[in-house]
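*Asks:*
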Amino acid sequence: MRSRLPSGASRGQFPMIGNHRCLDFVNTELIEQGRRVDLLQDFGDLVDWLEQAHVLGPAQAKQVLRRWGRTSKGAGALSEARAFRRLLREMAEGIVHGKRPSTVALDKINALLRSRTVDVALVRTRRGFERQVSFQPSEPQHLLVPVAESASDLLCHGDLALIVKCQNPRCILYFYDATKNHARRWCSMTVCGNRMKVAAHYQRRRRARERKPASRGVRRTSRGAG
Ligand SMILES: [Zn+2]
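Using numbering that gives the first Met the number 0, the first residue of the sequence shown is number 0, and each one after it goes up by one.
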C-alpha cells in the first residue's frame, strides 16, 4: 500500500474505493502497518478529501481553505466531521451485521440535509437551457451536507446487502459491491487481496510442513494422567 503519512505536510491520495461518497468518507480512517490512522488530521485534510471526492472544485477548495483554514470555525467543522464519520462507520458496521441504522445517525443526516444551501441558476447550454444547482457552503459545517446526501441516497436507493467490509480482518475499509456477480471481497485486490492470498499460501505451506512428521508414521506419545 502506498504510504500516506497522516500529516498535512505530506498530503496524498485518499482511498476512493467505496463506490459511495459516504463510505469513502468512513474510509478516511484506515489501518496502516498495524496502526489505526486518521487521515483527517486538520481542516486542510478535510478540504483535500472533499476535493478528491469531487464535492469541491479546485478553485472552491482554495476559497474554502482561505476562509476557514486555521480558524476556530474550521476546527469545529473538523471535529463535527469526525463525529459524523464515527456515526457513519457505526451505521456501516451495523448494516453488515444486519442491524438498522440508529436514530442518532438518521437525526444527524437529517440535520445536515436541512442545513443544505445551494445556488440554482438558469444557464444556456448548446441544446437550450438547463437549471444548474451548485453547492454553496456558507458555514464550514455545510461541507458535510454532500456526505449526508450520499448516506441518504445509499439508504433510500442502495441494496444494503451490498455494503461490505473488506475481508481482510486487519482492514477496516468499507465499500459498496457494484460488481456484476457481487463477488468483490477486498478494498483493493493489489492491497488486501494480494496480502490475504500470500498469507493463505504461507498458511497452507506451514500446515503441509506440520503434517509431514505425522505422515511418516511418528506415533504420538500418550499423555500421562496428572
Ligand atoms: Zn482491505
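Glycine included, every Cβ here is placed at the ideal spot set by N, Cα and C.
(1) Within 10 angstroms of the Cβ of residue 44, are there 16 or more other Cβ atoms? Answer buried if so, exposed if not.
(2) Can you name the start and end residues of the beta strand (DSSP E) that residue 120 belongs to?
(3) Mind listing, in chain order, the continuous alpha helix (DSSP H) runs of no fewer than 4 residues lying wholly within the stretch 133-158?
(4) Check whether the Cβ of residue 172 sits closer than 7 Å to any heavy atom of ligand 1, and report yes or no.
(5) Does DSSP put residue 164 in a helix, in a strand, or in coil?
(6) So residue 48 packs on residue 27, CB below 8 Å; how close in whole Å?
(7) By how many angstroms is the C-alpha of residue 112 removed from the C-alpha of residue 58?
(8) Taking the C-alpha atoms as reference points, what is the distance between residue 165 and residue 100?
(9) Quick check on residue 12: does DSSP put it in helix, strand or coil?
(10) Is it right to say residue 167 is buried, meaning 16 or more other beta carbons lie within 10 angstroms of its own, or is it exposed?
*Replies:* Reading off the structure:
(1) Buried: at least 16 other Cβ atoms inside 10 Å.
(2) 117-123
(3) 144-156
(4) The closest heavy atom of ligand 1 lies less than 7 Å from the beta carbon of residue 172.
(5) strand
(6) 6 Å
(7) One C-alpha to the other measures close to 24 Å.
(8) 20 Å
(9) DSSP places residue 12 in coil when its eight states are reduced to three.
(10) buried
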